[in-house]
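Respectively, the protein sequence lines represent chains A and R.
Heads up: the first sequence is residues 411 to 598, going by the working numbering.
Heads up: the second sequence is residues 411 to 598, going by the working numbering.
A virtual CB, placed ideally from N, CA and C, is assigned to each residue, including glycine.
First the structure, in the form of structure tokens, and then the observations on it.
Protein chains: 2
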Amino acid sequence: MGRWEPNARGRLEKAALELYSERGFEQTTVAEIAKRAGLTERTFYRHFADKREVLFPDASPLQTFFVEALNDAPHDAAPIDTVGLALDRIGELFQGRRELARQRQGIVSANPELREREVTKMADLSDAAARTLRGRGVGDLAASLAAEIAVAVLKVAFERWLDDPGDRDFGHFARESLDEVRALAAGA
Amino acid sequence: MGRWEPNARGRLEKAALELYSERGFEQTTVAEIAKRAGLTERTFYRHFADKREVLFPDASPLQTFFVEALNDAPHDAAPIDTVGLALDRIGELFQGRRELARQRQGIVSANPELREREVTKMADLSDAAARTLRGRGVGDLAASLAAEIAVAVLKVAFERWLDDPGDRDFGHFARESLDEVRALAAGA
Numbered sequence: 411m412g413r414w415e416p417n418a419r420g421r422l423e424k425a426a427l428e429l430y431s432e433r434g435f436e437q438t439t440v441a442e443i444a445k446r447a448g449l450t451e452r453t454f455y456r457h458f459a460d461k462r463e464v465l466f467p468d469a470s471p472l473q474t475f476f477v478e479a480l481n482d483a484p485h486d487a488a489p490i491d492t493v494g495l496a497l498d499r500i501g502e503l504f505q506g507r508r509e510l511a512r513q514r515q516g517i518v519s520a521n522p523e524l525r526e527r528e529v530t531k532m533a534d535l536s537d538a539a540a541r542t543l544r545g546r547g548v549g550d551l552a553a554s555l556a557a558e559i560a561v562a563v564l565k566v567a568f569e570r571w572l573d574d575p576g577d578r579d580f581g582h583f584a585r586e587s588l589d590e591v592r593a594l595a596a597g598a
Numbered sequence: 411m412g413r414w415e416p417n418a419r420g421r422l423e424k425a426a427l428e429l430y431s432e433r434g435f436e437q438t439t440v441a442e443i444a445k446r447a448g449l450t451e452r453t454f455y456r457h458f459a460d461k462r463e464v465l466f467p468d469a470s471p472l473q474t475f476f477v478e479a480l481n482d483a484p485h486d487a488a489p490i491d492t493v494g495l496a497l498d499r500i501g502e503l504f505q506g507r508r509e510l511a512r513q514r515q516g517i518v519s520a521n522p523e524l525r526e527r528e529v530t531k532m533a534d535l536s537d538a539a540a541r542t543l544r545g546r547g548v549g550d551l552a553a554s555l556a557a558e559i560a561v562a563v564l565k566v567a568f569e570r571w572l573d574d575p576g577d578r579d580f581g582h583f584a585r586e587s588l589d590e591v592r593a594l595a596a597g598a
């Protein structure tokens with residue numbers, strides 16, 4: 411088997427998610443993932459440190475992308491609008507990945523250790539967003555709370571997007587949730 | 411040593427937090443905690459299943475208290491006001507415990523495994539708050555987001571209360587943070 415396989419990473423991810431769903435995360439071995447993908451274990455380890463990294467990529471694309479999207483907002487935007495613009499952009503990252511995301515969600519929810527990892531990743535994302543907002547001159551308290559709101563909206567909208575039987579995109583649910591936050595805060 | 415020691419639980423908690431701070435959580439044994447408290451290991455295990463439970467009590471008093479406080483709000487209160495009233499009440503639980511809470515925070519932040527546990531507890535608290543709000547007739551999306559806002563305010567206000575060099579109570583910081591959420595959502 412050659413060193414460079416076309417879309418090896420994507421094939422490994424797909425095989426891993428299938429096996430984790432069918433047999434459980436704990437019960438699946440790297441050898442089985444590689445076999446299902448038609449690749450070698452060596453190729454697996456070229457792309458992932460271990461089988462958990464398939465679910466939680468080391469350099470979190472979500473965090474990198476979200477921080478960039480916050481920084482791309484106009485400098486005079488109110489923090490809530492900066493958050494709204496960044497959430498709108500995040501949809502690009504999820505496009506075409508809803509089935510994979512649904513599968514991943516089922517695996518993570520079924521395993522307490524993976525769920526702890528997931529909520530910790532979300533807490534890290536909130537910290538990164540707060541630092542980014544502070545770097546844009548937002549005050550300390552406002553930055554912490556706007557970041558928490560951003561991650562809350564992301565989480566809730568993401569779940570609604572996964573549960574939606576239709577084919578509306580993530581941005582629809584992000585806007586709906588952020589509007590609901592505005593209404594709630596206004597005492598609706 | 412007799413079966414009933416006055417305030418054994420409190421003495422064990424104090425001794426454990428001291429030792430976790432001095433030596434690290436991993437390096438501390440139950441025998442050392444009991445010794446520092448002037449009690450037996452048997453007494454420790456009458457109060458705690460293991461040394462982690464000192465930091466994360468099994469039946470979370472915070473969750474029980476918060477759910478009750480949400481349910482005590484007038485039935486016609488807007489969700490954000492229900493949250494505000496419950497956060498005001500939460501201060502009762504923290505009264506006189508700021509030094510212990512500061513010590514605990516230092517221990518939890520220093521240990522990745524304990525931090526994962528902590529953020530998971532906060533996610534559980536948010537789920538419980540959302541269920542409670544739904545039980546009070548709040549819509550699904552509004553309940554999820556109001557619960558996320560509640561936990562975000564609790565977290566941020568708690569940190570500010572711990573960091574405060576003065577002696578303002580938790581309620582002061584909870585109100586300040588919830589006001590900031592209102593201002594942010596209004597586009598300030």
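Please determine, among the options, the residue with the shortest C-alpha to C-alpha distance to residue i.
| i | options | result |
| --- | --- | --- |
| A:Gly501 | A:Ala487, A:His485 and A:Ala567 | A:Ala567 |
| A:Pro522 | R:Gly516, R:Val529, R:Ala520 and R:Ser519 | R:Val529 |
| A:Gly506 | A:Leu480, A:Leu429, A:Gly597 and A:Trp571 | A:Trp571 |
| A:Ser431 | A:Leu588, A:Glu569 and A:Val518 | A:Val518 |
| A:Glu509 | A:Ala556, A:Glu415 and A:Lys424 | A:Lys424 |
| R:Thr439 | R:Asp460, R:Arg456 and R:Gly549 | R:Asp460 |
| R:Ala487 | R:Leu543, R:Glu442 and R:Gln473 | R:Leu543 |
| R:Gly469 | R:Leu588, R:Asp534 and R:Ala556 | Checking the sequence shown, residue 469 of chain R turns out to be Ala, not Gly. Out of R:Leu588, R:Asp534 and R:Ala556, R:Asp534 has the C-alpha closest to the C-alpha of R:Ala469. |
| A:Arg419 | A:Phe435, A:Gln437 and A:Ile443 | A:Ile443 |
| A:Ala602 | A:Glu436, A:Asn417, A:Leu497 and A:Gln437 | No answer is possible for residue 602 of chain A: the residues shown for chain A start at 411 and end at 598. |
| R:Gly434 | R:Pro471, R:Arg452, R:Gln513 and R:Leu472 | R:Gln513 |
| R:Asp474 | R:Arg452, R:Lys531, R:Ala593 and R:Tyr455 | One point to set straight first is that residue 474 of chain R is Thr, not Asp, in the sequence displayed. Ranking R:Arg452, R:Lys531, R:Ala593 and R:Tyr455 by Cα distance to R:Thr474 puts R:Lys531 first. |
| R:His485 | R:Lys445, R:Gln437 and R:Arg546 | R:Arg546 |
| A:Gln515 | A:Lys445, A:Ala593, A:Glu569 and A:Ala426 | A:Glu569 |
| R:Tyr619 | R:Ala426, R:Leu472 and R:Arg541 | For residue 619 of chain R there is no data in the structure shown, the boundaries of chain R being 411 and 598. |
| R:Lys565 | R:Ser554, R:Pro471 and R:Ser536 | R:Ser536 |
| R:Ala553 | A:Ala520, A:Pro575, A:Thr453 and A:Ala593 | A:Ala593 |
Kindly give me the distance between the Cβ atoms of residue i and residue j, rounded to whole angstroms, as I take these residues to be in contact under 8 Å.
| i | j | result |
| --- | --- | --- |
| R:Ile490 | A:Gly597 | 6 Å |
| A:Ala483 | A:Leu495 | 5 Å |
| R:Ala584 | R:Val561 | Rounded, the Cβ-Cβ distance is 12 Å, inconsistent with contact. |
| R:Val493 | A:Ala595 | No, R:Val493 and A:Ala595 are not in contact; Cβ-Cβ is about 10 Å, not under 8 Å. |
| R:Val548 | R:Ala556 | 7 Å |
| A:Glu415 | A:Leu449 | 6 Å |
| A:Leu497 | A:Phe458 | Between A:Phe458 and A:Leu497 the Cβ distance is about 28 Å, and since that is not below 8 Å, they are no contact. |
| R:Glu551 | A:Ser587 | Strictly speaking, residue 551 of chain R in this sequence is Leu, with Glu absent from that position. Yes, they are in contact, since the Cβ atoms of R:Leu551 and A:Ser587 sit about 7 Å apart, within 8 Å. |
| A:Arg526 | R:Glu436 | A small fix is needed here, since residue 526 of chain A is Glu in this sequence, not Arg. Actually they are not in contact, since the Cβ atoms of A:Glu526 and R:Glu436 sit about 18 Å apart, beyond 8 Å. |
Within 7 Å: the Cβ of residue i and any heavy atom of the ligand COA?
| i | result |
| --- | --- |
| A:Arg499 | With respect to small molecules bound, the structure shown includes none, and the ligand COA cannot be examined in it. |
Which runs of the alpha helix (DSSP H) at least 4 residues long sit entirely within the stretch 479 to 565 of chain R? Give them in chain order. 489 to 504, 508 to 519 and 522 to 545
Using 8 Å as the Cβ pair cut-off and three pairs as the minimum, do the stretch 496 to 512 of chain R and the stretch 577 to 588 of chain R touch? yes
Could you tell me whether the stretch 451 to 464 of chain A touches the stretch 472 to 488 of chain A, using the rule of 3 or more Cβ pairs below 8 Å? no
At what residue ranges does the stretch 433 to 474 of chain A contain a whole run of the alpha helix (DSSP H), taking only runs of 4 or more? 440 to 447 and 451 to 457
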